[in-house]
Amino acid sequence: MGGKRDKKRELGRTENYRLSKDKREKDEGQPEAKRQRIEEGEQPVLPIYATKFSPEDIAAEERRPKKKVAILLGYSGTGYYGMQLSNTQKTIEGELFAALVAVGAISKANAADPKKSSLVRCARTDKGVHAAGNIVSLKLIVEDPDLVPKINQKLSHQIRVWGIQVTNKSFSCYQMCDSRVYEYLIPSYCFLPPHPSTRLGKKIVELAEQASDTVQLHERQEEVMTFWDEVDKRCIKPILEGLPGEVRRIVERSLYIEEDATSAATPNMDELVENEHSTERKDATEESMENSESMPNPQETQRLLINEAIKSIKAAYVNAKRKYRIHPKRISRLQETLSKFVGTKNFHNYTIQKVYRDPSARRHIRSFVVNPEPIIVDKTEWLSLKVHGQSFMMHQIRKMVSMAALIVRCGCDPNRISESFGPTKLAIPKAPGLGLLLERPIFDNYNNKIQEFGKEKIDFSRYDQEIEEFKRREIYGRIFHEEGETNTYVIHLLLVTIIIIIITLTKFYPDSFASFFNHIDHYQKDYFLYLTSGGLAVATVAPEPFSTSRSVKGGKTSEEQGCQHGDDPKCDQKKEEGALAAIESDPESVIASDQENG
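Numbering of the sequence shown is given in this note's numbering, commencing with residue 19 and proceeding in unit increments.
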């Protein structure tokens, strides 16, 4: 908690924007530097979204009036490097801007610089993230009555413009957005308790006994108390009983081995086999070793048998989780937990680089609900969580989902969430990026005011039919064709896109959710013990955030270089942060991560 306070970092977006330099003042040195590079012979490199026209073409173009508009669009983000413009990467905005130039909605004079058209996005999304509804505002030439279909002809099938609405001159979709609605789909098996053999599973029981909370814990876990015992008896025991005695001992050690503070979650298989044969090797003679060269290696045969057994056991666990169907009481318990987030709270524990005293960490959540009717997709049951808030910080939604899931699966008192809004720093990992969807932004205040002046309100509902057709054509039909599915699912309109996204991603990353919770269940330090009956008192306090700046030397961050001073507490903190970050490893680094800024 010590150290000099960074007051600037503690300001919210509004305060920082108000106190920052004028943009023209900040950028005044850039044209001169660019001019100097050109004079030195360096060729200017245009962004990939820019269209270059000759001076003659620009001069010959007729000047036409522009109006401030809001472009309502949706997109499937697969294959795109996010929503926001990038000079070198393929993005949603980049393709949209090029299409607007191609149809003459942006003049040739402005075709290389979106700033000249005052382009602003409502909400940014990162690589691979999808949106059923998002908005871009800018100055546009809108004389053509067939402008929308012409734009869509220039766009890929993954991006659709739903409509273009003229706004007032001062409209900014970013500043005038009242709130945003996100949806997160999660498998119901994520709410199963940790396996009793895991460290977290043992700690839950142990600390409940110490806190005299065993009876209450059993009440909170009544629907799932016997789940793992039944799976072990019905699915795992037959596999183990079919193994030779020596192989069975090794397999059991690999699955249920007692772990000390430094051991990995899964022991090294080679070491286990080596240990079993160490005595035999000492007694072996040179003659037997020579004979073994012409015979199959029993140690290698045993290793293959062990690996196959472990694969079978893991597959049995996966199959059992996929068959799990959540009880209505557990859904009610999840809803009780989600409701703890509603209201204006201090979410410093649910983002990065925020401290408790940072005023910008206070955010307002209007609602957070779980659909009480689960949906079966590809033989797995999924729950839809929908959160409506004014604005979200980085990773906030994924951390809220993670916290709610951990509270329910560990049988923790839901009031632990209320405690997380206090000053104690907690380690809350972010749930996998799979399943997060920006549903649509909301402009209630703007709509109420603008109708007085005869302008159209910004509303996606008028395009529901087109949005539905787009989802079915570009996502829904394609995926089910690839999967060879013939089953018909009755799915709510707002769930279609996200369900298909998840089916797509889980084909390539099937263990994202299972791996995420498995890491937490086996984690050897006490960061997550606040999920037990012992509460915050028995958990290791998470490291306080460093300054947002990260020193980079030789192309590597300080974390990548490693600490140079073993007694430096900051080095220890970085190691702890790195270990905690490993828990959050998931496909987001490759395909999808939520960027909930807005």
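In this text, a Cβ means the ideal position worked out from N, Cα and C, and glycines have one as well.
Burial state of residue i, where buried means 16 or more other Cβ atoms lie within 10 Å
| i | result |
| --- | --- |
| V63 | exposed |
| G361 | exposed |
| H236 | exposed |
| A77 | exposed |
| K329 | exposed |
| H135 | Looking at the sequence itself, residue 135 is Ser, so the reference to His does not match. It is buried - the Cβ of S135 has at least 16 other Cβ atoms within 10 Å. |
| Q239 | buried |
| F488 | buried |
| D250 | buried |
| S350 | exposed |
| Q414 | buried |
| K70 | exposed |
Identity of the residues DSSP links to residue i by a beta bridge
| i | result |
| --- | --- |
| F189 | Paired residues: none, contrary to the question. |
| P205 | W400 |
| F386 | V405 |
| T362 | H382 |
| H435 | The amino acid at residue 435 is misidentified as His; the sequence shows Ile. None; I435 has no bridge partner. |
| S197 | I460 |
| R139 | V154 |
Endpoints, beta strand (DSSP E) assigned at residue i
| i | result |
| --- | --- |
| I89 | K85 to Y93 |
| L405 | The residue you asked about is not Leu; residue 405 is Val in the sequence shown. Unbroken beta strand (DSSP E) run through V405: T398 to G407. |
| N152 | H148 to L158 |
| Q183 | I177 to V184 |
| L454 | L454 to I460 |
| V395 | I393 to V395 |
Residue i to residue j span [Cα, whole Å]
| i | j | result |
| --- | --- | --- |
| S104 | G112 | 7 Å |
| Q193 | S409 | 11 Å |
| G453 | N367 | 22 Å |
| E227 | A555 | 15 Å |
| A130 | M412 | 30 Å |
| D231 | S551 | 7 Å |
| F15 | A88 | The structure shown does not extend to residue 15, since the chain is modelled only from 19 to 616, so the question has no answer here. |
| P211 | Q176 | 39 Å |
| R416 | P73 | 49 Å |
| K332 | A532 | 11 Å |
| V199 | L356 | 15 Å |
| V419 | G151 | 22 Å |
| I324 | V265 | 6 Å |
| L156 | L401 | 37 Å |
| F478 | L90 | 8 Å |
| G146 | T96 | 4 Å |
| V138 | R252 | 57 Å |
| G553 | I153 | 43 Å |
| L481 | N170 | Just to set this straight, residue 481 is Tyr in the shown sequence, not Leu. So the alpha carbons of these two residues sit roughly 15 Å apart. |
| I435 | A120 | 51 Å |
| E354 | Y545 | 24 Å |
| A422 | L203 | 13 Å |
| K397 | N337 | 10 Å |
| Y67 | F439 | 43 Å |
| P390 | K347 | 10 Å |
Start and end residues, alpha helix (DSSP H) containing residue i
| i | result |
| --- | --- |
| Y368 | First-last for Y368: undefined, no H or E at that position. |
| E79 | Where E79 is concerned, there is no enclosing alpha helix (DSSP H), given that its DSSP letter is neither H nor E. |
| E237 | T232 to R238 |
| P346 | P346 to L356 |
| A226 | R217 to Q228 |
| N536 | S530 to H540 |
| S420 | Q414 to R427 |
| L258 | K255 to E259 |
| N170 | L165 to K172 |
| L114 | I110 to A120 |
| D247 | F245 to V249 |
8 Å CB neighbourhood of residue i in its chain, flanking five on each side removed
| i | result |
| --- | --- |
| R82 | S125, I159 and E161 |
| L173 | E113, L114, A117 and V179 |
| G219 | P211, P212, H213 and D539 |
| I222 | P211, P212, L235, C428, G429, L549, T550 and S551 |
| D75 | K126 |
| P65 | L103, S104, N105, T106, G112 and A130 |
| R343 | S206, P392 and E399 |
| Y99 | Q107, K108, T109 and K145 |
| S190 | V138 and S155 |
| R381 | T362, K363, F365, G407, Q408, S409, F410, M411 and Q414 |
| N678 | Here the chain covers residues 19 to 616 and nothing more, so residue 678 does not appear. |
Neighbourhood of residue i by C-beta distance below 7 Å, restricted to the same chain and skipping five residues each side
| i | result |
| --- | --- |
| V166 | V179, G181 and I182 |
| P132 | L103 and F115 |
| F461 | M194, C195, D196 and I476 |
Same chain, Cβ closer than 6 Å to residue i, five either side skipped, listed in chain order
| i | result |
| --- | --- |
| K404 | E201 and V387 |
| K339 | Y207 |
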